[in-house]
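Chemist: The following block contains the structure, expressed as C-alpha cells.
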Amino acid sequence: MPEDKPLRSDARRNRDALVTAARQVFTERGLDAPLKEVAARAGVAIGTLYNRFPTRDDLIAAAVEDRLEAGSRIAEQAREIDDPWDSFAYLVEKVCELQASDRLLSDLALRAAPSPAVARAQEYGHGLMREIITRAQRAGVLRTDWVLEDIAFITWSHTRVLEATAHIAPEAWRRNLALTLDGLRAPAAHPLPAPPLTEAELMQALRK
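The numbering of the sequence shown is full-length UniProt numbering, which starts it at 1 and goes up by one.
Right, dumping it as C-alpha cells:
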C-alpha cells in the first residue's frame with residue numbers, strides 16, 4: 001500500500017542511523033557503552049532503539065557486520081597465497097592489523113559471539129583459517145601442536161598490547177606479533193606444558 005512506504009523509509013533511516021551511531025559510540029567507549037548515548041547520537045528515542053534492536057547483542061551484531069565481512073575477505077586472500085607459511089603469517093598479521101585500526105573488533109575478540117548471525121560469520125572465517133593452518137602444518141612450517149583455538153591467545157594479548165601502547169607507540173604491536181610468529185614456526189617448537197583449550201572452554205572464557 002502506498003501509505004506504508006514513508007513508514008518503511010523512516011524505519012530504514014532510523015536503523016541506519018542507529019547502526020552508524022553504534023559503531024561510533026562502541027568504537028569510542030567500548031561495547032558496554034550506554035545505549036542511551038547511541039540513541040541520542042542517532043537522533044532517536046531509546047524506545048526506537050529497542051524496537052529495532054531488542055537487545056544490546058542485536059545492536060552489536062549489526063554494528064560489526066561489515067567488520068566480519070572484512071575478516072572473511074582477509075582469510076580468503078590468505079588462502080590464495082601459495083607459500084604455506086606466508087599464507088598463515090599474512091592471515092594473522094592482517095587480522096591483528098584490522099584489530100589495531102578498530103576498537104570494535106578488539107572488544108569483540110574478548111567476548112562470545114553476540115548473535116547467531118555473528119557466530120555463523122565467524123564460523124565461515126574459522127573454516128578458512130583451519131584450511132590455512134592445516135596446510136602450513138602439513139608443509140612442516142607451523143608447529144603441529146598449534147590449534148585454531150590458540151589464536152584466541154594471540155587476539156587477547158594483541159588487544160592488551162594495543163590498550164597499553166596505542167597512544168605512545170602505535171606500531172609496537174607489530175614487534176609483539178613478530179616475536180609470536182617466530183615462536184610458532186615448526187623449527188622453534190618445544191613441548192607445551194598444557195593442552196589447548198577446547199572449543200567449549202574457549203566459549204566459557206569469552207562469556208566471563
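Every residue gets a Cβ at the ideal spot worked out from N, C-alpha and C, and that includes glycine.
Give me, in chain order, the residues of the same chain whose beta-carbon lies closer than 8 Å to that of S157; leave out the 5 immediate sequence neighbours on both sides.
Modeler: Within the sequence shown, residue 157 is the residue found at index 157, counting from 1. Here the set comprises N176, T180.
Chemist: Pull up the distance between the alpha-carbon of P2 and that of Q204, whole angstroms please.
Modeler: Counting from one through the sequence shown, the residue named residue 2 turns up at place 2. Counting from one through the sequence shown, the residue named residue 204 turns up at place 204. Because the pLDDT of P2 is 43, which lies under 50, any placement of that residue in the model is unreliable, and the number read from its coordinates should be weighed accordingly. Answer to the nearest angstrom: the Cα atoms are 50 Å apart.
Chemist: Under the rule that 16 or more other beta-carbon atoms within 10 Å means buried, what is P6, buried or exposed?
Modeler: Working through the sequence shown from its first residue, we reach residue 6 at position 6. Because the pLDDT at P6 is just 46, under 50, the model does not fix this residue reliably, and the value given afterwards should be weighed accordingly. Exposed is the call here.
Chemist: Buried or exposed: V107, going by 16 or more other Cβ atoms within 10 Å of its Cβ?
Modeler: Numbered from its first residue, the sequence shown carries residue 107 at position 107. Sequence check: residue 107 is Asp here, not Val. It is buried - the Cβ of D107 has at least 16 other Cβ atoms within 10 Å.
Chemist: Measure the alpha-carbon distance for L31 versus V25 and round it to whole angstroms.
Modeler: Stepping through the sequence shown from its first residue, residue 31 is reached at position 31. Stepping through the sequence shown from its first residue, residue 25 is reached at position 25. So the alpha carbons of these two residues sit roughly 8 Å apart.
Chemist: Would the beta-carbon of R23 fall within 8 Å of that of A70?
Modeler: The residue given as residue 23 occupies position 23 in the sequence shown. The residue given as residue 70 occupies position 70 in the sequence shown. No, the pair does not count as a contact, with Cβ atoms beyond the cut-off.
Chemist: Quick one: grab the DSSP three-state call for R185.
Modeler: As a position in the sequence shown, residue 185 is number 185, starting the count at 1. If DSSP states are grouped into helix, strand and coil, R185 belongs with the strands.
Chemist: Tell me whether N51 is buried or exposed, calling it buried when 16 or more other Cβ atoms sit within 10 Å of its Cβ.
Modeler: Residue numbering aside, residue 51 sits at position 51 when the sequence shown is read from its first letter. By the neighbour-count criterion, in which 16 or more other beta carbons inside 10 Å mark a residue as buried, N51 falls on the exposed side.
Chemist: So which of A89, E65, P54, S87 has the shortest CA-CA distance to T20?
Modeler: Here residue 20 is taken as the residue at index 20 of the sequence shown, counted from 1. Out of A89, E65, P54, S87, E65 has the C-alpha closest to the C-alpha of T20.
Chemist: Need the endpoints of the alpha helix (DSSP H) that L192 sits in, please.
Modeler: Locating residue 192 in the sequence shown gives position 192, where the first residue counts as 1. It is not in any alpha helix (DSSP H) - L192 carries neither H nor E in the DSSP assignment.
Chemist: For E80, tell me which candidate among T55, R103, K36, L128 has the shortest Cα-Cα distance.
Modeler: Counted from its first residue, the sequence shown places residue 80 at position 80. It is L128 whose Cα lies nearest to the Cα of E80.
Chemist: Name the residue from R120, A75, C96, L192 whose alpha carbon lies nearest to the alpha carbon of E171.
Modeler: Numbered from its first residue, the sequence shown carries residue 171 at position 171. Across the set R120, A75, C96, L192, the C-alpha of C96 shows the shortest separation from the C-alpha of E171.
Chemist: Classify residue 209: buried if its beta carbon has 16 or more other beta carbons within 10 angstroms, exposed otherwise.
Modeler: Nothing can be reported for residue 209, as the shown portion of the chain is limited to 1 through 208.
Chemist: Taking the straight line between their C-alpha atoms, what separation do you get for L98 and G47?
Modeler: Walking along the sequence shown from the start, residue 98 turns up at place 98. Walking along the sequence shown from the start, residue 47 turns up at place 47. Going from the Cα of L98 to the Cα of G47 covers about 33 Å.
Chemist: Count the other CB atoms, across all protein chains shown, that sit within 10 Å of the CB of A78; report buried if there are 16 or more and exposed otherwise.
Modeler: Numbered from 1 along the sequence shown, position 78 holds the residue referred to as residue 78. It counts as buried.
Chemist: Is the Cβ-Cβ distance between W173 and V161 less than 8 Å?
Modeler: Within the sequence shown, residue 173 is the residue found at index 173, counting from 1. Within the sequence shown, residue 161 is the residue found at index 161, counting from 1. The Cβ-Cβ distance between W173 and V161 falls below 8 Å.
Chemist: Helix or strand or just coil, what does DSSP make of L31?
Modeler: As a working note, residue 31 is residue 31 in the sequence shown. Residue state, collapsed to three classes: coil.
Chemist: Once you ignore the five residues that flank F53 on each side, which residues in its own chain have a CB closer than 8 Å to its CB?
Modeler: Walking along the sequence shown from the start, residue 53 turns up at place 53. Here the set comprises L18, L59, A62.
Chemist: How is L142 classed by DSSP in three states: helix, strand or coil?
Modeler: Mapped onto the sequence shown, residue 142 falls at position 142. Three-state DSSP puts L142 in a strand.
Chemist: Please state whether DSSP places M1 in a helix, a strand or coil.
Modeler: The residue you call residue 1 lines up with position 1 of the sequence shown. Below a pLDDT of 50, predicted positions are generally treated as unreliable, and M1, at 38, falls in that range; no measurement from the model is reported.
Chemist: I'd like the span of the alpha helix (DSSP H) that includes S87, first residue to last.
Modeler: The residue labelled residue 87 in the question sits at position 87 within the sequence shown. Per DSSP, S87 is one residue of the alpha helix (DSSP H) stretching across 84-100.
Chemist: Suppose the cutoff is 6 Å on Cβ atoms and the five residues either side in sequence are ignored; what does the same chain contact list for C201 look like?
Modeler: Position 201 of the sequence shown, counting from 1, holds the residue named residue 201. Before going further, note that residue 201 is Glu rather than Cys in the sequence given. Excluding sequence neighbours, E201 sits near nothing in its chain.
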